[in-house]
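If you're matching positions, the sequence shown starts at 1049 in my numbering and goes up one per residue.
Cβ atoms here follow ideal geometry from the backbone N, Cα and C, with glycine treated the same way.
Remarks on the structure that follows.
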Amino acid sequence: MSTLNFILGFHTYLEDYKEVKRIAGEFGIDSIVLSDPSEMLDSGLTGEYKLYYGGTPIKDIYRAKFSSATVCFQKYSTEKTREYIEKVWKQPTYVVRPYGIQGTDEFVQLLSKLSGKPVPDTLVKERQKLLDAMADSYYWIHGKRFALWGDPDFVYGITSFLLELGAEPVHILCTNAGDEWAEEIKELCGKFDNGKYAQVFPGKDLWHMRSLLFTEPVDYMIGTSYGKFLWRDTGTPLIRIGYPIFDRHHLHRYGILFYKGALNLLVWIVNTILDETDRRTIGIAETDYSFDLIR
């Protein structure tokens, strides 16, 4: 059995840490997650004072340098880590962003290559279920205009999934990114017809986003709790995904990566669209002709 290290980077959705170990296990891979906050930040209430039962065991941290390779899920937050692992541990490193269909496909194919095993039927079925859900909701998401912000790799992954859903990412902003990230986003959007409206803003903040929402309005925003002030000022509905989220509970307990995580993203996005559709069609004898029971 081969051993692989997985570094998710700065990632706060705890189910993804459990999921990466499950998926690796489907290929017979022994996984070491560096580091693993699951079963710690979401551990159960026992009524007793004791240490959390999750996390990465110390023995796994020690043996990580003997693994076959290290897979990183973030390009821009793990650059120095990957350099160290390659030079000091003499390990190959790989970067994948397992968001949506394409990103998860690349991750699954990498595990298949490294393990020498075919993709398990369980993952094939999970992919099929995601595609089915995307087909069901495509009508509602297609053509919707989005603004989004967050950390570089997160924004890249969400942009990729929006493009797969037929949405139009319009304002793509990242405060802590540079020109390399911007060119990568532009290249990604250039592969899709619905990506032609994308404007990329590295090094800008939400005050800049506020101006954009007034001058070039969009239908929805995807971002952190700070976006509620943009919602207050511009009326643009906010879908809370990313970090930090202070004003809603328990979203950190979900996953947003892999096929199952993409389904969570789809549910949050399409149901926000449907909520807004209902809200905008409640005017009696004015707009309620579209206030339908079935969406």
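Report the rounded CA-to-CA distance for Gly-1073 versus Ala-1117, giving the unit in angstroms. For the purposes of this step, residue 1073 is taken as residue 25 along the sequence shown, with counting starting at 1. For the purposes of this step, residue 1117 is taken as residue 69 along the sequence shown, with counting starting at 1. If you take the alpha carbons of Gly-1073 and Ala-1117, they lie about 16 Å apart.
Please list the terminal residues of the continuous alpha helix (DSSP H) segment that includes Pro-1028. With the chain running from 1049 to 1343 in the structure shown, residue 1028 is simply not present.
If you pair each beta-carbon of the region 1148-1167 with each one of the region 1214-1222, do three or more pairs fall below 8 Å? When C-beta atoms of the region 1148-1167 are compared with those of the region 1214-1222, fewer than three pairs fall below 8 Å, so the two segments do not count as touching.
Can you check DSSP and say which residues form a bridge with Ser-1079? By 1-based counting over the sequence shown, the position of residue 1079 is 31. Ser-1079 pairs with Leu-1052.
Measure the alpha-carbon distance for Lys-1239 versus Tyr-1101 and round it to whole angstroms. Taking the sequence shown and counting its residues from 1, the one referred to as residue 1239 is at position 191. Taking the sequence shown and counting its residues from 1, the one referred to as residue 1101 is at position 53. About 44 Å.
Assigned secondary structure, Arg-1327 (DSSP; H/G/I helix, E/B strand, else coil): Along the sequence shown, read from residue 1 onward, the residue named residue 1327 stands at position 279. Helix, per DSSP.
Could you tell me if Arg-1288 is buried or exposed, where buried requires 16 or more neighbouring beta carbons within 10 angstroms of its beta carbon? Numbered from 1 along the sequence shown, position 240 holds the residue referred to as residue 1288. Buried: at least 16 other Cβ atoms inside 10 Å.
Quick one: what does DSSP say Leu-999 is sitting in, helix, strand or coil? No answer is possible for residue 999: the residues shown for the chain start at 1049 and end at 1343.
Does the structure place the region 1168-1186 close enough to the region 1268-1283 that three or more beta carbon pairs sit under 8 Å? no
Where does Glu-1216 sit, in a helix, a strand or coil, going by DSSP? Walking along the sequence shown from the start, residue 1216 turns up at place 168. Glu-1216: strand per DSSP, three-state reduction.
If you follow the beta strand (DSSP E) that Ala-1117 is part of, which residue opens it and which one closes it? Mapped onto the sequence shown, residue 1117 falls at position 69. From DSSP, the beta strand (DSSP E) with Ala-1117 extends over 1117-1120.
Where in the region 1127-1194 do unbroken runs of the alpha helix (DSSP H), each at least 4 residues long, occur, reported from the N-terminal end onward? 1127-1132, 1148-1163 and 1169-1189
Just verifying my parser: in three-state terms, what is the DSSP assignment at Met-1269? As a first step, residue 1269 must be located in the sequence shown, where it is residue number 221. Strand.
Mind the definition here: the region 1220-1229 touches the region 1249-1262 only if three or more C-beta pairs lie below 8 Å; say whether that holds. The region 1220-1229 is in contact with the region 1249-1262.
Do you know whose CA, among Arg-1145, Met-1088, Val-1081 and Glu-1131, lies nearest Gly-1309's CA? What you label residue 1309 is simply residue 261 of the sequence shown in a count that begins at 1. Here the closest residue by C-alpha is Arg-1145.
Runs of beta strand (DSSP E) wholly within the region 1222-1291 (minimum 3 residues, chain order): 1247-1250, 1268-1271 and 1286-1288
Starting from Ile-1304 and walking both ways along the alpha helix (DSSP H), at which residues does that stretch end? The residue you call residue 1304 lines up with position 256 of the sequence shown. Taken as a continuous stretch (DSSP letters only), Ile-1304 belongs to no alpha helix (DSSP H), as it is neither H nor E.
Using the three-state DSSP reduction, which class does Leu-1313 fall into: helix, strand or coil? For the purposes of this step, residue 1313 is taken as residue 265 along the sequence shown, with counting starting at 1. If DSSP states are grouped into helix, strand and coil, Leu-1313 belongs with the helices.
Please classify Trp-1255 as buried or exposed, where buried requires at least 16 other C-beta atoms within 10 Å of its C-beta. Here residue 1255 refers to the residue found at position 207 when the sequence shown is read from its first residue. With fewer than 16 other Cβ atoms within 10 Å, it is exposed.
Going along the chain, which residues of its own chain have a beta-carbon closer than 6 Å to the beta-carbon of Glu-1235, five neighbours each way excluded? The count along the sequence shown starts at 1 and reaches residue 1235 at position 187. There are no such residues.
Distance between beta carbons of Gly-1243 and Glu-1067, contact taken as under 8 Å: Residue mapping note: residue 1067 aligns to position 19 of the sequence shown, counting from 1. Residue mapping note: residue 1243 aligns to position 195 of the sequence shown, counting from 1. In fact, because the Cβ distance is near 28 Å, the residues do not count as touching under 8 Å.
How should Tyr-1097 be labelled, buried or exposed, when 16 other C-beta atoms within 10 angstroms of its C-beta is the threshold for buried? In the sequence shown, counting from the first residue as 1, residue 1097 sits at position 49. Classification for Tyr-1097: exposed.
The alpha helix (DSSP H) that contains Glu-1348, what's its start and end? Because the chain in this structure spans residues 1049 to 1343, residue 1348 falls outside the shown range and cannot be described.
In this structure, how does DSSP classify Leu-1099 when only helix, strand and coil are distinguished? Locating residue 1099 in the sequence shown gives position 51, counting from the first residue. Coil at Leu-1099, not helix or strand.
At what residues does the alpha helix (DSSP H) containing Ile-1293 begin and finish? Taking the sequence shown and counting its residues from 1, one reaches residue 1293 at position 245. Note, Ile-1293: premise wrong, no alpha helix (DSSP H); not H, not E.
Just to check my reading of the structure: Phe-1306 and Asp-1326 have Cβ atoms closer than 8 Å, yes? What is that Cβ distance to the nearest angstrom? Within the sequence shown, numbered from 1, the residue matching residue 1306 stands at position 258. Within the sequence shown, numbered from 1, the residue matching residue 1326 stands at position 278. At roughly 31 Å, the Cβ-Cβ gap does not stay under 8 Å, so Phe-1306 and Asp-1326 are not in contact.
Under a three-way DSSP split, which group does Leu-1322 fall into? As a position in the sequence shown, residue 1322 is number 274, starting the count at 1. DSSP places Leu-1322 in helix when its eight states are reduced to three.
Look at the alpha carbon of Ile-1109 and the alpha carbon of Met-1269, and state the distance between them as a whole number of angstroms. On the sequence shown, residue 1109 is found 61 positions in, with the first residue counted as 1. On the sequence shown, residue 1269 is found 221 positions in, with the first residue counted as 1. Distance between the alpha carbons of Ile-1109 and Met-1269: 39 Å.
Among Thr-1060, Lys-1138 and Phe-1054, the one whose alpha carbon lies nearest that of Asp-1199: Within the sequence shown, numbered from 1, the residue matching residue 1199 stands at position 151. Closest by alpha carbon: Thr-1060.
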